[in-house]
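> Dumping the structure here so I can ask a few things about it.
There are 2 protein chains.
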Amino acid sequence: MKLAVQIKMNPSLYLRDPEQSELGKNIIKHSIELIQHKGFEAFTFKKLAEAIGTTEAGVYRYFENKHKLLVYLISWYWGWIQFQINYQTNNIKDPVVKLKKVIALLSTNVEDDLNTGHVDEALLHQILISEGSKAYLTNHVGNDNKQQFFKPYKDLCNSVGAIILECNPKYKYPHSLSSTIIEMAHLQNFFMNHLPSLTDFSKSKNENQIIKYLEDLVFNSIRS
Amino acid sequence: MKLAVQIKMNPSLYLRDPEQSELGKNIIKHSIELIQHKGFEAFTFKKLAEAIGTTEAGVYRYFENKHKLLVYLISWYWGWIQFQINYQTNNIKDPVVKLKKVIALLSTNVEDDLNTGHVDEALLHQILISEGSKAYLTNHVGNDNKQQFFKPYKDLCNSVGAIILECNPKYKYPHSLSSTIIEMAHLQNFFMNHLPSLTDFSKSKNENQIIKYLEDLVFNSIRS
DNA sequence: TATTTATGATAGTAATACTATTATTTAAAA
DNA sequence: TTTTAAATAATAGTATTACTATCATAAATA
Chain A
1267 MKLAVQIKMN PSLYLRDPEQ SELGKNIIKH SIELIQHKGF EAFTFKKLAE
1317 AIGTTEAGVY RYFENKHKLL VYLISWYWGW IQFQINYQTN NIKDPVVKLK
1367 KVIALLSTNV EDDLNTGHVD EALLHQILIS EGSKAYLTNH VGNDNKQQFF
1417 KPYKDLCNSV GAIILECNPK YKYPHSLSST IIEMAHLQNF FMNHLPSLTD
1467 FSKSKNENQI IKYLEDLVFN SIRS
Chain B
1267 MKLAVQIKMN PSLYLRDPEQ SELGKNIIKH SIELIQHKGF EAFTFKKLAE
1317 AIGTTEAGVY RYFENKHKLL VYLISWYWGW IQFQINYQTN NIKDPVVKLK
1367 KVIALLSTNV EDDLNTGHVD EALLHQILIS EGSKAYLTNH VGNDNKQQFF
1417 KPYKDLCNSV GAIILECNPK YKYPHSLSST IIEMAHLQNF FMNHLPSLTD
1467 FSKSKNENQI IKYLEDLVFN SIRS
């Protein structure tokens, strides 16, 4: 039997639930491929429709615009990562070990999760690295936030913050450190591959170095 | 006599040097105001032309497209910050004091520098917070990088990295820590104001807390 | 004074980001 | 099984964006 992982999505992100139809699932699948390949700026609903074999209007029936589609994909990813974290740290007692696991999960290039048919998590991870911050770096972030578009991100930030506090209940900046870990796991990866002189990982381009850097950063802060 | 600060810009960023004419200076001045006010996505050359009282074609004679204009503004800002850092840490011997000064300069909301007539640094600082990462988070980052568009950022990262090494010559991640400081000085500020639950500065919304957080993060790492 | 150079005014194009309409297919309810 | 509703396909159309091109005029320079 297939263990179907279902991520609960905020309904105000879509007009029609893409999980409920083949066309919807195709929109998700191909938008991930296209955004990853062309970049979010060059991605259009017309190109998406062509890739699927439907029409522009068909896509608009599911998503109001490409920004909401991006936020949908990103929310999905955070929900999925949250699930991975819960699952993989479930029976770990030591909060330090737990936090290391979280850092590794956030920094490692993901493999496609076969439990989620139409979503390629490896590509989605790449989208998060290159496009993730565009979800909130907009003029309408306030409105989007009111509509709870960023709840999965905030929830994740809270979970990680809680583990940080388990490590050291007196640490003063659990949320900021948490958002720093999450953002830097992605940004140092982007820099490593595209602007290597902004990192110290230029030669080997190995994500394990990012993990070591983040562990060094995080545990020196927490333990002091 | 006026101490005119001139930031040397990469000529491949523009078609005609905007510093050399009134129209050019107006393009800089009004683009800063418009991008800050409307956000980069909603900013267009047509709106800019209307604000200045020229035509779209007039703007296109100076900048090939709005992305290059954004990169121009951001490069200008990094050049200016570099100058501020050099100037304000000039006679400081202690690298720890120097690094604290750098953190403060990067994190503090800037005042308009009256030595630079057509550039409002306070607004430009806001642009860096909200739009800064869009300069490099594109599909054409490789090409842009080849054309040296990000040199001012890299130079800054190197300078800060050098100070970090002065504090502790054995520290392993000077560049990554440096880019972490620079990015987080802006991102924690954005979060504080727009997604406060991703930070621990929600109530007071005071940038001094960001400075304290970054100092804690940085010096615990360096000194260990 | 002649001539280069920058600007202004105007037009035009291809692509983007949508909205609307109608016909057709598919699936669910009666 | 028929009726009805819902989803999709096909097509068209609009306003805005992101440009390029042309030509006249004003200002600066040789």
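Protein sequence lines, in the order shown, are assigned to chains A and B.
Take the first sequence: its letters are residues 1267 to 1490, numbered as in our numbering.
Take the second sequence: its letters are residues 1267 to 1490, numbered as in our numbering.
For every residue, glycine included, the Cβ atom is placed at its ideal position computed from N, Cα and C.
Everything numeric in this text was worked out from a predicted model, so none of it was measured.
(1) From the beta carbon of alanine 1370 (chain A), is the nearest beta carbon of chain B less than 8 Å away?
(2) May I have a chain-ordered list of the alpha helix (DSSP H) segments no shorter than 4 residues that lie completely inside the stretch 1296-1356 of chain A?
(3) Select from B:Val1363, B:Leu1394, B:Tyr1280 the residue whose C-alpha is nearest the C-alpha of asparagine 1375 (chain B).
(4) Would you say lysine 1478 (chain A) touches the ligand ZN, meaning its beta carbon is less than 7 Å from a heavy atom?
(5) If you follow the alpha helix (DSSP H) that methionine 1450 (chain A) is in, where does it begin and where does it stop?
(6) Could you tell me whether the Cβ of tyrosine 1343 (chain A) comes closer than 8 Å to any Cβ of chain B?
(7) Does proline 1440 (chain B) have its Cβ less than 8 Å from a Cβ in chain A?
(8) If you run the structure through DSSP and keep just helix, strand and coil, what is glutamate 1377 (chain A)?
(9) Mind checking leucine 1464 (chain B): buried by the 16 CB within 10 Å criterion, or exposed?
(10) What residues in its chain sit with their C-beta under 6 Å from that of threonine 1382 (chain B), if we drop five residues either side in the sequence?
(11) Which chain A residues sit within Cβ distance under 8 Å of serine 1297 (chain B)?
(12) Below 8 Å between beta carbons: does that hold for tyrosine 1402 (chain B) and leucine 1371 (chain A)?
(13) Whose CA, out of B:Leu1443, B:Ile1477, B:Asn1459, lies closest to the CA of lysine 1469 (chain B)?
(14) Output needed for isoleucine 1477 (chain A): all residues of its chain with C-beta closer than 7 Å, excluding positions within five of it in sequence on either side, in chain order.
(15) List, in chain order, every chain A residue whose beta-carbon is nearer than 7 Å to that of threonine 1374 (chain B).
(16) Report all residues from its chain with a CB closer than 7 Å to the CB of leucine 1389 (chain B); omit the five preceding and five following residues, and keep chain order.
(17) How is the alpha helix (DSSP H) around glutamine 1414 (chain B) delimited, first residue to last?
(18) Using only alpha-carbon positions, find the residue among A:Phe1485, A:Leu1480, A:Lys1420 that is nearest to glycine 1345 (chain A).
(19) Suppose you measure from the CA of lysine 1438 (chain A) to the CA of methionine 1275 (chain A); what does that come to, to the nearest Å?
In brief:
(1) no
(2) 1311-1318, 1322-1326, 1332-1354
(3) B:Leu1394
(4) Absent from the structure shown: the ligand ZN. Ligands present: none.
(5) 1440-1460
(6) no
(7) yes
(8) DSSP places glutamate 1377 (chain A) in coil when its eight states are reduced to three.
(9) buried
(10) Correct list, in chain order: Val1271.
(11) None at all; the shortest Cβ gap to chain A is about 15 Å.
(12) Between tyrosine 1402 (chain B) and leucine 1371 (chain A), the gap from beta carbon to beta carbon reaches 8 Å or more.
(13) Here the closest residue by C-alpha is B:Asn1459.
(14) Ile1369, Ala1370, Ser1373
(15) Going along chain A, no residue has its Cβ under 7 Å from threonine 1374 (chain B), so there is no contact; the nearest lies around 17 Å.
(16) Ile1298, Glu1299, Gln1302
(17) That residue, glutamine 1414 (chain B), is in no alpha helix (DSSP H); it is neither H nor E in DSSP.
(18) A:Lys1420
(19) So the alpha carbons of these two residues sit roughly 32 Å apart.
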